[in-house]
Amino acid sequence: STLFAVADGMGGHAGGEVASRLAIDALTAAFGRQPTGAGLSEAVTEANSVVWQHSMENPELRGMGTTLTAVALVNEEGRDVLALVNVGDSRSYRYHEGELSQITTDHSLAEEMVRTGELTTAEAAVHPHRHILTRALGVASDVAVDIWRIQPVRGDRFLLCSDGLTNELELGQISEVLASVGDPHRAADLLVQAARTHGGSDNITVVVVDVV
């Protein structure tokens, strides 16, 4: 399949792990039935329902949720398009001709404050409430899903990651690895190692996808 996703669970260790696993499984199954851009967006909505339902049925998991960012190659009107979705503060980036740019917008309190001009980007990076999410998957019966459609360009790389990576590494450091390491699996491993070495105690999940 051409579906790639990162989910960073929250709500205690057990709840977070259950939420992220349920979300990925539900996303994969639903997208498999309808592998289109709209199908990917609907698959996120379905994943949300599955996690929400599960937390309602299991009091010890109440309050669990997860971030979810995913990209898939879909065919729309006879042409290949990359559909990309996001809920929460895991991120998707595009590395295009030596430039790394963030596609997704964090659904976090700090990011909202940057948008309204209350904080600068630099202040947001160290703000004590930066990890509080304004939108997550599985914490309510419905969820708003951000979706983009991107024209795939041969040679482009897409990076999907939990905030454990971007909290530890500067974008320049990430770009360096993406520029110098040809194999996507190896690049992802190196990024995780670098974030760990830098002191990363958070979940560090990284997926690198190449357009070939």
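In the working numbering, the protein residues as written are 11 to 222. C-beta: ideal position from N, C-alpha, C; glycine also. As the structure is a prediction and not an experimental result, all values here were calculated from the model.
Under a 10 Å Cβ-count criterion, Asn85 is classified as exposed, with fewer than 16 other Cβ atoms of the shown protein chains found around its own Cβ.
Boundaries for Ala24: no beta strand (DSSP E) harbours it, while the alpha helix (DSSP H) harbouring it runs Gly22 to Arg43, taken from the DSSP string.
Out of Leu181, Val124, Ala93 and Thr114, the CA that lies nearest to the CA of Gln44 is found in Ala93. The residues Val97, Gly98, His117, Val153 and Ala154, in chain order, have a CB closer than 8 Å to that of Arg145 in the same chain once the five nearest residues on each side in sequence are set aside.
Within the stretch 117-186, the runs of beta strand (DSSP E) that reach at least 3 residues and sit entirely inside it are, in chain order, 156-160 and 167-171.
In the structure shown, the three-state DSSP call for His64 is helix. For His106, the enclosing beta strand (DSSP E) covers residues Arg101 to His106. Annotation: the continuous beta strand (DSSP E) that includes Asp90 extends over Arg89 to Val97.
Contact check for Ala57 against Leu143 fails: the beta carbons are separated by 9 Å or more. In the three-state DSSP reduction, Ala80 falls in the strand class (E or B). In the structure shown, Ser111 adopts extended strand secondary structure according to DSSP, grouped into three states.
Among the bridge pairs identified by DSSP, Asn85 is matched with Asp90. For Ala17, there is no enclosing alpha helix (DSSP H), as DSSP gives it neither H nor E.
Straight-line spacing of the CA atoms in Thr207 and Leu169 works out to 20 Å. In this model, Thr38 and Val81 are separated by some 11 Å (Cα to Cα). CA-CA distance, Gly182 to Ala189, rounds to 10 Å. In this structure, Val95 sits near Val54, with a CB-CB distance shorter than 9 Å.
Residue range Pro194 to Thr207 is occupied by the alpha helix (DSSP H) that includes Val202, with no beta strand (DSSP E) assigned at that position.
Comparing alpha-carbon positions, the option among Arg159, Ala134, Leu200 and Ala204 lying closest to Glu87 turns out to be Arg159. Proximity to Gly47 across Arg167, Arg89 and Val191 peaks at Arg89, based on C-alpha coordinates.
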